[in-house]
Amino acid sequence: MTDTPRNVLLVGATGLTGGFVLGELLADPAVARILAPTRRPLPAHPRLENPVGMLHRLISQLQAPIDVAICCLGTTIRHAGSREAFRMADYDLPLELGQKARKLGARHYLVISSLGANASSRAFYNRVKGELELSLGKQGWPQLTIVRPSLLLGPRQEFRLAERLAAPFATLLPGRWRGIQAETVARALWRLASTPGEGVRIVESDELRQLGNAPNR
66 MTDTPRNVLL VGATGLTGGF VLGELLADPA VARILAPTRR PLPAHPRLEN PVGMLHRLIS
126 QLQAPIDVAI CCLGTTIRHA GSREAFRMAD YDLPLELGQK ARKLGARHYL VISSLGANAS
186 SRAFYNRVKG ELELSLGKQG WPQLTIVRPS LLLGPRQEFR LAERLAAPFA TLLPGRWRGI
246 QAETVARALW RLASTPGEGV RIVESDELRQ LGNAPNR
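Per the numbering used here, the very first residue in the sequence shown carries number 66; after that it's consecutive.
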C-alpha cells in the first residue's frame, strides 16, 4: 500500500544520495511541491522551490505545507574540517530540520544515518549518528524512518580518497555490509516515504537494497 506525499521537504539535494532523491520526486507527477533549501542553486523546475543560502538560516524560514521531510545530509570529519563542524552537519542540522518540519505539519520524517550507528560507540562518527537517532526518537514523530546504508557508491562531486579505495572491496562484502549504490538508496527512500506507517522504523542496508531494486508496481 502506498500513498504519495504531495508536499515534500528535501534537505541535502546537492549531495550524492539527495540528488537521486530529487530526481525521484521530480519524476513523480503526484508530488505537487518540492521544497529543497540548498547552499548552491538547483536547476529550475515548476514544482521545485529552492531557497539558497546557509542551511541553518534557511531552516527557520521554511513555510508550510509539508507532508513528508527527507534529510540526506551527511559529511565526513575530514571534509567538514573538525569534529565540531561534523557534528553541526550530521547532528544539529538534521535535528533542527526535524523540529521545524514537525511544526509545519509533516507527519513522516526520513533520515539517512549510517551502518553501525550506536550512541555508545567508541568511534566518533558512529556515536554521533547513534546520538542523532536517539534524539530524533524523542521528537514525537507519528512516523520516523531511519535508514542505515553501508558505504555509498556513486559519482560524488567531491573526492573522498578513503571511499574511493574501499569501494571495490565493499562490493564483495556480505549482507548489510556490502556497499550500496546511492541511487538504490534514493529509490528505497522514496518508496518508504510513500508507505503509510506508525512509530519508528530502522532500515538496514540489505533491506534498502531489496526495496531500491524491487520492480515498480
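By construction, the Cβ of each residue, glycine as well, lies at the ideal position given by its N, Cα and C atoms.
Span separating the alpha-carbon of Q275 from that of Y174: 21 Å
If contact is defined by three or more beta carbon pairs under 8 Å, each pair taking one atom from either stretch, is the stretch 102-115 in contact with the stretch 70-82? yes
Cβ pair A95, R122 closer than 8 Å: no
Nearest-angstrom Cα separation, counted from K168 out to W255: 22 Å
Start and end of the beta strand (DSSP E) containing Q208? Q208 to R213
Quick check: the Cα distance between M119 and R152, rounded to an integer number of angstroms? 16 Å
Cβ shell of A251 (< 6 Å), same chain only, five flanking positions each side left out: T82, F85, V86 and E89
Minimum length 3: unbroken beta strand (DSSP E) runs contained in the stretch 116-160: 133-136
Name the DSSP beta bridge partners of V73, please? I99 and V133
Figure out for me which residue from S178, L201 and A171 has the closest Cα to the Cα of Y190. S178
Span of the alpha helix (DSSP H) around E272: S270 to N278
So, using beta-carbon positions, are V212 and A171 closer together than 8 Å? no
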